[in-house]
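Visitor: Protein chains in written order, with my numbering: chain A, 382 to 822; chain B, 86 to 575. Backbone N, C-alpha and C define an ideal beta-carbon position, used for all residues, glycine too. As the structure is a prediction and not an experimental result, all values here were calculated from the model.
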Amino acid sequence: MNFTPHTDDDVRSMLDVVGVEAVDDLFEQIPEGLRLTQPLDMPLGVSEQQILDDVRALAGKNRSAEELICFAGRGAYDHYIPSVVWALAGRSEFYTSYTPYQPELSQGVLQALFEFQSMICELTGLEVSNASLYDGATALVEAAHMSRSAQRSRFVLSGGVDPRLVDTLRTYGAGAGYTIDVLAAPQGHGGVPDEVAGDVAAIVVQHPNVYGALEDVRAWADVAHAAGARLIQVFDPTSLGVLAPPGDLGVDIAIAEGQSLGNHLAFGGPYLGILAARMQDVRRMPGRIVGETVDVAGRTGYVLTLQAREQHIRRAKATSNICTNQTLMALAATIYLAWLGPDGVRELGEQCAAKAAYALERLSAIPGVVPAFPGAAVFKEFAIRLPVPAEEVCGMLVAHGFIAGVPAPWCGDDVLLVAVTERRTRAEIDTLAEAMGKVLA
Amino acid sequence: MSDVGAPVRRQGPPGAGTIKDASRAGRRGSSIAPLDVPAATIPPAYARATPVALPEVGELDVVRHYTRLSQQNYGLDTGLYPLGSCSMKYNPKVAETAANMPAFARLHPLQPAETIQGTLELLWLLERALCEITGMARATLQPPAGACGEMTGLLIMRAFHEAAGRQRRTVLIPDSAHGTNPASVQLGGYTAVAVASTARGLVDVDALEALVDEDVAGLMLTNPNTLGLFETDIERITAAVHGVGGLVYYDGANLNAIMGRTRPGDMGFDIVHINTHKTFATPHGGGGPGAGPVGVVARLIPYLPVPRVERDGDAYRLDHEAPRSIGRMHGFHGNIGVLVRAYVYVFLHGSDGLREVSDRAVLNANYLAALIRDVFPLAFPDSPPMHEFVATAAQLERDTGLRAMDVAKRLIDLGFHPSTVYFPLVVDEAMMVEPTETESKETLDLFAAALVRCADEARSTPDLLRDAPMSTPVGRLDEARAARNLKLHW
Numbered sequence: 382m383n384f385t386p387h388t389d390d391d392v393r394s395m396l397d398v399v400g401v402e403a404v405d406d407l408f409e410q411i412p413e414g415l416r417l418t419q420p421l422d423m424p425l426g427v428s429e430q431q432i433l434d435d436v437r438a439l440a441g442k443n444r445s446a447e448e449l450i451c452f453a454g455r456g457a458y459d460h461y462i463p464s465v466v467w468a469l470a471g472r473s474e475f476y477t478s479y480t481p482y483q484p485e486l487s488q489g490v491l492q493a494l495f496e497f498q499s500m501i502c503e504l505t506g507l508e509v510s511n512a513s514l515y516d517g518a519t520a521l522v523e524a525a526h527m528s529r530s531a532q533r534s535r536f537v538l539s540g541g542v543d544p545r546l547v548d549t550l551r552t553y554g555a556g557a558g559y560t561i562d563v564l565a566a567p568q569g570h571g572g573v574p575d576e577v578a579g580d581v582a583a584i585v586v587q588h589p590n591v592y593g594a595l596e597d598v599r600a601w602a603d604v605a606h607a608a609g610a611r612l613i614q615v616f617d618p619t620s621l622g623v624l625a626p627p628g629d630l631g632v633d634i635a636i637a638e639g640q641s642l643g644n645h646l647a648f649g650g651p652y653l654g655i656l657a658a659r660m661q662d663v664r665r666m667p668g669r670i671v672g673e674t675v676d677v678a679g680r681t682g683y684v685l686t687l688q689a690r691e692q693h694i695r696r697a698k699a700t701s702n703i704c705t706n707q708t709l710m711a712l713a714a715t716i717y718l719a720w721l722g723p724d725g726v727r728e729l730g731e732q733c734a735a736k737a738a739y740a741l742e743r744l745s746a747i748p749g750v751v752p753a754f755p756g757a758a759v760f761k762e763f764a765i766r767l768p769v770p771a772e773e774v775c776g777m778l779v780a781h782g783f784i785a786g787v788p789a790p791w792c793g794d795d796v797l798l799v800a801v802t803e804r805r806t807r808a809e810i811d812t813l814a815e816a817m818g819k820v821l822a
Numbered sequence: 086m087s088d089v090g091a092p093v094r095r096q097g098p099p100g101a102g103t104i105k106d107a108s109r110a111g112r113r114g115s116s117i118a119p120l121d122v123p124a125a126t127i128p129p130a131y132a133r134a135t136p137v138a139l140p141e142v143g144e145l146d147v148v149r150h151y152t153r154l155s156q157q158n159y160g161l162d163t164g165l166y167p168l169g170s171c172s173m174k175y176n177p178k179v180a181e182t183a184a185n186m187p188a189f190a191r192l193h194p195l196q197p198a199e200t201i202q203g204t205l206e207l208l209w210l211l212e213r214a215l216c217e218i219t220g221m222a223r224a225t226l227q228p229p230a231g232a233c234g235e236m237t238g239l240l241i242m243r244a245f246h247e248a249a250g251r252q253r254r255t256v257l258i259p260d261s262a263h264g265t266n267p268a269s270v271q272l273g274g275y276t277a278v279a280v281a282s283t284a285r286g287l288v289d290v291d292a293l294e295a296l297v298d299e300d301v302a303g304l305m306l307t308n309p310n311t312l313g314l315f316e317t318d319i320e321r322i323t324a325a326v327h328g329v330g331g332l333v334y335y336d337g338a339n340l341n342a343i344m345g346r347t348r349p350g351d352m353g354f355d356i357v358h359i360n361t362h363k364t365f366a367t368p369h370g371g372g373g374p375g376a377g378p379v380g381v382v383a384r385l386i387p388y389l390p391v392p393r394v395e396r397d398g399d400a401y402r403l404d405h406e407a408p409r410s411i412g413r414m415h416g417f418h419g420n421i422g423v424l425v426r427a428y429v430y431v432f433l434h435g436s437d438g439l440r441e442v443s444d445r446a447v448l449n450a451n452y453l454a455a456l457i458r459d460v461f462p463l464a465f466p467d468s469p470p471m472h473e474f475v476a477t478a479a480q481l482e483r484d485t486g487l488r489a490m491d492v493a494k495r496l497i498d499l500g501f502h503p504s505t506v507y508f509p510l511v512v513d514e515a516m517m518v519e520p521t522e523t524e525s526k527e528t529l530d531l532f533a534a535a536l537v538r539c540a541d542e543a544r545s546t547p548d549l550l551r552d553a554p555m556s557t558p559v560g561r562l563d564e565a566r567a568a569r570n571l572k573l574h575w
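#1: In three-state terms, what does DSSP make of VAL278 of chain B?
#2: Compute the distance between the beta-carbons of ASP516 of chain A and GLY654 of chain A, then report whether it is under 8 angstroms.
#3: To the nearest angstrom, how far is it from the Cα of PRO618 of chain A to the Cα of ALA625 of chain A?
#4: Just the C-alpha distance for LEU514 of chain A and HIS645 of chain A, rounded to the nearest angstrom, thanks.
#5: Would you mind listing the alpha helix (DSSP H) stretches within the stretch 511 to 568 of chain A that are 4+ residues and don't spill past its ends, in chain order?
#6: Are the C-beta atoms of ILE457 of chain B and some chain A residue less than 8 angstroms apart?
#7: If PRO167 of chain B sits next to GLU514 of chain B, beta carbons under 8 angstroms apart, how far is it from one beta carbon to the other, in whole angstroms?
#8: Do TYR739 of chain A and VAL122 of chain B have their beta-carbon atoms positioned less than 8 angstroms apart in this structure?
#9: Within this structure, are the beta carbons of LEU433 of chain A and ALA183 of chain B separated by less than 8 angstroms?
#10: From ASP580 of chain A to LEU741 of chain A, what distance separates their C-alpha atoms?
#11: Using only CA atoms, which one of A:PHE754, A:SER499, A:ASP391 lies nearest to ALA566 of chain A?
#12: Residues of chain B with a CB under 8 angstroms from the CB of ASN443 of chain A: which are they?
#13: From the DSSP output, in three-state form, read off ASN158 of chain B for me.
#14: Taking ARG547 of chain B as the query, report the chain A residues whose CB atoms sit under 7 angstroms from its CB, ordered along the chain.
#15: Is the separation between the beta-carbon of THR385 of chain A and that of GLU141 of chain B shorter than 8 angstroms?
#16: Could you tell me which whole beta strand (DSSP E) segments of length 3 or greater appear in the stretch 572 to 648 of chain A?
#17: Per DSSP, what are the beta-bridge partners of ILE810 of chain A in this structure?
#18: Quick one: which chain B residues come within Cβ less than 9 angstroms of THR708 of chain A?
#19: When the distance is taken between beta carbons, is TYR388 of chain B closer than 8 angstroms to ILE411 of chain B?
#20: Tell me VAL394 of chain B's beta-bridge partners as DSSP assigns them.
#21: Looking at ALA518 of chain A: is its Cβ nearer than 8 angstroms to the Cβ of ARG545 of chain A?
#22: If you run the structure through DSSP and keep just helix, strand and coil, what is ARG254 of chain B?
#23: DSSP state of SER326 of chain A, grouped into three classes?
#24: Name the one or two DSSP bridge partners that GLU673 of chain A has.
#25: Do you know how far the Cα of GLN431 of chain A is from the Cα of ARG611 of chain A?
#26: So the alpha helix (DSSP H) VAL357 of chain B belongs to, where does it begin and stop?
#27: So, with DSSP's three-state summary, where would you put TYR482 of chain A?
#28: Could you check whether the stretch 487 to 502 of chain A touches the stretch 656 to 673 of chain A, counting it as contact only if at least three pairs of C-beta atoms, one from each stretch, sit closer than 8 angstroms?
#29: May I ask which residues mark the beginning and end of the alpha helix (DSSP H) holding ARG766 of chain A?
#30: Judging by CA-CA distance, which residue of B:LYS178, B:LEU536, B:GLU522, B:GLU206 is the nearest neighbour of SER172 of chain B?
#31: Measuring only between beta-carbons, confirm whether MET500 of chain A sits less than 8 angstroms from chain B.
#32: In chain A, which residues lie less than 8 angstroms from GLU217 of chain B when you measure between Cβ atoms?
#33: Note down, in chain order, each residue of its chain lying with its Cβ closer than 6 angstroms to the Cβ of ARG805 of chain A, except the 5 sequence neighbours on either side.
#34: Can you list, in chain order, the residues of the stretch 719 to 730 of chain A whose Cβ is nearer than 9 angstroms to any Cβ on chain B?
#35: Would you say ILE497 of chain B reaches chain A, if we count a Cβ-Cβ gap shorter than 8 angstroms as a contact?
#36: Does the beta carbon of GLN492 of chain A sit closer than 8 angstroms to a beta carbon anywhere in chain B?
Given below as structure tokens:
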């Protein structure tokens, strides 16, 4: 089926107005040798009910966090999403609109993005936020583009930066001509160098890092600034109710994966890239930025601003090629943060930290299981070392009803990352510990 | 004629403000289950000193505030949205039903392979379908938007040339191209070189043939092109680039014109990106999300990003091992929730439905162009439009001083979202109109009448255009002031 509303009479009268005999005539400028003579090699259309049956059959082959208790993290987290988020973000006036090129018809999206930018500034303690990027990994790429100059195209990454982010930066860096140095983090955090070279555009530190461990961000910032480089922090927005904000730590550009703010796991996307920076860098920032202004009658309103930075004006001289972003995900994050409020965002952080600490204690009590990095302070995720390969343990624990975590093969096939959000209960953590004890026994 | 369409309504008290203005100390909307494990202490060196100054509001405050904002927004569900180059067509509700199934919505991207078989199968089937539609051999579904698809294509181009030991420095782009093309080229490490258009709005093939040399990595082109016209010499164009060892990249912004009629692969393109939020009606969410799958011909498969979905018998897996791959374009696997919607769209329509989509999209554009061309002439009257057309308000501007933007603003008061204006840059007072296939003849008739009325009013009652829009929550906004006195948060 399809959604074209034309009756046969419509088609006939429209062709008359156009002045052609048949719809085929409208395609005559396609050279004859290029015209398809056969239908596309795929099934014919079906009804709505049939496609849903088909999709349901596929859905039946997944086992999601709806069914399995999810302790997987590494950048994507099973936080609770209150009903209000998608009841509002799912209003079709929002989700069926395009980029707000006509601001008078788009005040809803524009004001919501202004509120998003405001809340990100409140969370991060930085002066300016854009209106979203694709995801956390590509936000790091954009932060790198912001930092580079003719003399500086080297990036130094702490050993606690997620390899997914490193890989993504390397991929885009091949085009942009970046050199990427990844440091070691033998204790699962730290490894701050004494100094970095003069061609370094930025140092990148993830805090909390890929192992869930906390980093001394100020120390990283000092090294970066001593070399005239920027410090980029990869942060977790759910941590900032309890952890000091990037703006207080000497961070120049803070980027994050924003999925955990009201967005679905959805197998990795659509997620939300967050990027906040200092005012002095505002004209180097990528993507859409919403500003407040007034209309002809002096009423407050919102527009896309500083568009002279962007690709549609600056073309080859733009610092970013981004056009489509993740507005709807930013809207969901805005609603979620408004719902949370200051107490909620603090409690969210406290619960994640407390439950992760409890889970670390319970799992470390299993014979043969030890913290991978003993003594590291963690937030909502931690690394444990198992007596057998982590992937095998994860596979066995599926049968017990768990997604037990995410293996971390780059630091040993026996290392498992376990994430514990506020959504997990004591009983779920206890049963995970029991089940893991059983499969390891 | 009475006012038509469904204008955005003014709602609530004027100047109702931001959600922060509704904040009252001590009020709270959230409820989190009581902590059932011992509390943990954040080490003081890492702890936040002051609370996050988020608004303190109740849940109903949140509901009323964002409901009011939604009422100040115009979506495709509100009415016609004829933005040229954006394919703003009806977003089927059934796709939402599918994507919101918990088995998709709550699937973690790093789960064990045996628990994600349904999604991997869906992605594999979607990849096969997209390859069939475009005439490509394999595709990556990773890029989260069209511009990222462009970057993917350029990095593939770079890897391909490097593997062959060729140093290439330039990428050719028509002067009418979308701004993302030159920006992507530059970030891909190449220099963009503009190719002139002819008076008929097509690539000047003689000029192109004079430009191609051993420095050219490739050409980026949309077909139908950014002016909505089919590049009739496309075979000569792709042959010229292939003649110097270059690759030809297809920007899929306008794929909606040709499904089931012809394919980029058959035209000689090597790399194709698709905008699912255009052609396959995935909701654009006020600016995103999108998805920008990229298909390639067989010789470029080794360079596709990882991980890739592979099938072994009846089982599917994510393959990270591909030594010549350009790497990873997205933190995880792409905008999968968007791709589930695209899957529903593609297989709901099927081969017959997709062809009808393009047929009716082209019919609607030609019909609308015929209705208004006497008032707003086509910029390229000698080339028949495909699924969209570029008209010009240049004559109106000369006669009345009123511009395409004034027409756009008056259309808002007449109940319609305007067309794209001032793009492509190569057309003076451009109005780029793409009605899409899901609009009825009646809607097109009303829109054409509104455009004709605007042109009449420009001469009889010009203030109606100059002062427009009057029906919206705010009138024309002072963009210069916004950029001068930056206020980017509350």
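Guide: From the atom records:
#1: strand
#2: yes
#3: 11 angstroms
#4: 17 angstroms
#5: 517 to 528, 544 to 557
#6: no
#7: No, PRO167 of chain B and GLU514 of chain B are not in contact; Cβ-Cβ is about 17 angstroms, not under 8 angstroms.
#8: yes
#9: yes
#10: 41 angstroms
#11: A:PHE754
#12: ALA188, PHE189, LEU192, THR200, ILE201, GLN202, GLY203, THR204
#13: strand
#14: Sequence check: residue 547 of chain B is Pro here, not Arg. Within chain A, no residue comes near PRO547 of chain B; the closest Cβ sits about 16 angstroms away, beyond 7 angstroms.
#15: no
#16: 581 to 587, 611 to 616, 634 to 638
#17: Paired residue(s): none; ILE810 of chain A is not in a bridge.
#18: HIS369, GLY370, GLY371, GLY372, GLY373, PRO374
#19: yes
#20: B:LEU403
#21: yes
#22: coil
#23: Past the edges of chain A, shown from 382 to 822, lies residue 326 of chain A, and the structure says nothing about it.
#24: A:TYR683
#25: 54 angstroms
#26: Element bounds for VAL357 of chain B: not the alpha helix (DSSP H) but the beta strand (DSSP E), 356 to 359.
#27: coil
#28: yes
#29: Element bounds for ARG766 of chain A: not the alpha helix (DSSP H) but the beta strand (DSSP E), 762 to 766.
#30: B:GLU522
#31: yes
#32: LEU421, ASP422, MET423
#33: LYS736
#34: ALA719, TRP720, LEU721, GLY722, PRO723, ASP724, GLY725, VAL726, ARG727, GLU728, LEU729, GLY730
#35: yes
#36: yes
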